[in-house]
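**Q** I am attaching a structure below and will ask some questions about it afterwards.
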Amino acid sequence: MSDSQGILWEVFVQSKPGQPHKHSGSVHAHDKEMALQNARDLYCRRSEGTNIWVVPASEIVASSPEDIASFFDPSDDKVYRHPTFYTVPEGITHM
Amino acid sequence: MTKQEALFKYLLRLGDHHLVLGHRLSEQSSKGPIIEEDIACSNIALDLIGNANHLLQYAGEVESKNRSADDLAFLRGERDFYNSLLSEQPAPDFAYVMVRHFLADVYDFYLYTALQKSSDETLAAIAAKALKEITYHLRHSSKWLIRLGDGTSESHKRTQDAINELYRFTGELFEMNEVDEVLMKEKITFDLTAIHQLWLSKVKEVFAEATLEIPADTFMQRGSRDGKHTEHLGFLLAEMQHLHRVIPGAEW
């Protein structure tokens with residue numbers, strides 16, 4: 009979408025160093041710096057983060073709903089791909 | 006003038022500046038060009054009013070007449086306010102908002118950087134906390150100035166018009182009086198001449214990138230150090246103080 013509000017940017021916030029960036033939402037902005045500042049003002053006002061990524065929404069390549077069967081279903085019957093045969097040591101939090 | 010009197014007046018100068026600047030910016034709430042900017046401006050207004058609250062509370066303690074931050078904010082008249090003339094100027098459009106805040110943010114950035122080293126520990130602590138917010142405010146307003154100044158011919162014209170109108174209120178920001186003399190001896194505050202040089206150099210740097218110019222007319226309006234204001238402050242205070250005066254001691 010591009011109108012008087014600028015283009016749409018997707019916002020990813022990292023809650024702590026070492027953690028993955030997670031999608032928080034989106035903002036409108038006319039340039040990179042404005043997108044970053046708007047993301048900071050909308051999604052990091054209550055100490056949610058330590059780092060922000062903003063990406064133009066048009067640059068994101070997404071799979072489509074029709075792909076569900078071919079993309080995701082085949083993994084359902086392959087239990088050996090899931091790490092369920094290991095015991096996780098105590099104290100490991102981010103698995 | 007005793008050190009206590011000088012410090013009280015100085016804290017009013019700093020506190021009133023942010024109270025009025027914050028109140029003016031809060032007038033933009035719901036009027037931002039896009040909702041994201043609306044939230045950004047409201048955030049910054051809250052930062053400024055929050056800092057004014059710290060400063061006025063401390064002013065009340067220094068004065069020792071049992072006046073709270075609310076008493077100082079809502080029960081003083083116009084002539085007892087020491088906010089800068091710049092802070093009270095209304096904004097006919099968004100360019101005015103950003104020019105007013107940019108000129109004030111650069112000033113606050115260098116002033117609060119210096120005040121972190123104040124020999125008054127409370128003032129130094131308030132300054133250190135506020136400086137983190139001010140650093141962001143300056144980044145926000147300077148990027149907008151560049152975006153508007155170096156944007157379309159219409160945004161450039163409006164921004165330059167706002168500068169031409171508001172620049173004459175910047176001279177008095179660096180004016181010093183007996184308050185400064187007393188406090189500088191105690192190393193509580195610092196020489197504003199040095200801060201003026203830093204301010205000017207930063208303003209020139211951002212204006213150059215934004216293709217904006219400092220007005221050729223160098224007339225500077227003064228008055229706020231003596232509690233003398235432009236006609237705008239009275240209207241602003243009437244609105245800001247209305248509720249507190251109608252329902253004294255109102256809490257919400």
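Protein chains in written order, with our numbering: chain A, 9 to 103; chain R, 6 to 257. A virtual CB, placed ideally from N, CA and C, is assigned to each residue, including glycine.
(1) Looking at C-beta atoms only, is the number of pairs between the segment 110-129 of chain R and the segment 183-195 of chain R that lie closer than 8 Å three or more?
(2) DSSP three-state call for V102/R: helix, strand or coil?
(3) Flag L50/A as yes if its beta-carbon sits less than 8 Å from any beta-carbon of chain R, otherwise no.
(4) Can you pull the DSSP bridge partners for P64/A?
(5) In three-state terms, what does DSSP make of S71/A?
(6) Note down, in chain order, each residue of its chain lying with its Cβ closer than 6 Å to the Cβ of A37/A, except the 5 sequence neighbours on either side.
(7) What whole-angstrom Cβ distance do V25/R and E93/R have, given they're in contact under 8 Å?
(8) Have a look at L12/R and R72/R and give me their C-alpha separation to the nearest angstrom.
(9) Provide the residue(s) that pair with Q165/R in DSSP beta bridges, ordered along the chain.
(10) Between the alpha carbons of V35/A and T101/A, how many angstroms are there, rounded?
(11) Can you find a CB in chain R that lies within less than 8 Å of the CB of V63/A?
(12) Any beta-carbon of chain A closer than 8 Å to the one on E159/R?
(13) How about H36/A: is its C-beta nearer than 8 Å to some C-beta of chain R?
(14) Kindly indicate the opening and closing residues of the beta strand (DSSP E) around A37/A.
(15) Any C-beta of chain A sitting closer than 8 Å to the C-beta of A45/R?
(16) For G33/A, verify whether its CB is less than 7 Å away from any heavy atom of the ligand GDP.
(17) Is N88/R helix, strand or coil when you go by DSSP?
(18) Name, please, each residue of chain R whose Cβ falls closer than 7 Å to the Cβ of N46/A.
(19) Would the segment 167-183 of chain R count as touching the segment 93-107 of chain R if we require 3 or more Cβ pairs under 8 Å?
(20) Just the C-alpha distance for A129/R and N58/R, rounded to the nearest angstrom, thanks.
(21) Going along the chain, which unbroken runs of the alpha helix (DSSP H) with 4 or more residues stay wholly within the segment 208-240 of chain R?
(22) May I have a chain-ordered list of the alpha helix (DSSP H) segments no shorter than 4 residues that lie completely inside the segment 100-185 of chain R?
(23) Looking at chain R, is there any beta carbon in it that lies within less than 8 Å of the beta carbon of R89/A?
(24) So what does Q22/A bridge to, in DSSP terms?
**A** Let me lay it out:
(1) yes
(2) helix
(3) Closer than 8 Å to some Cβ of chain R, the Cβ of L50/A qualifies, so yes.
(4) W17/A
(5) coil
(6) G14, W17, A43 and N46
(7) With 8 Å as the limit, V25/R and E93/R qualify as a contact, their Cβ atoms being about 5 Å apart.
(8) Straight-line measurement puts the Cα of R72/R at about 15 Å from the Cα of L12/R.
(9) For Q165/R, which the question treats as bridged, DSSP gives no partner whatsoever.
(10) 32 Å
(11) no
(12) Not an interface residue.
(13) yes
(14) H29 to A37
(15) yes
(16) Absence of the ligand GDP is noted for the structure shown, with no ligands found whatsoever.
(17) coil
(18) Among the residues of chain R, those whose CB is under 7 Å from the CB of N46/A are E41 and A45, following chain order.
(19) yes
(20) 15 Å
(21) none
(22) List check, alpha helix (DSSP H) in window: 126-154 and 158-171.
(23) Cβ-Cβ to chain R under 8 Å: no for R89/A.
(24) According to DSSP, Q22/A bridges with H29/A and N59/A.
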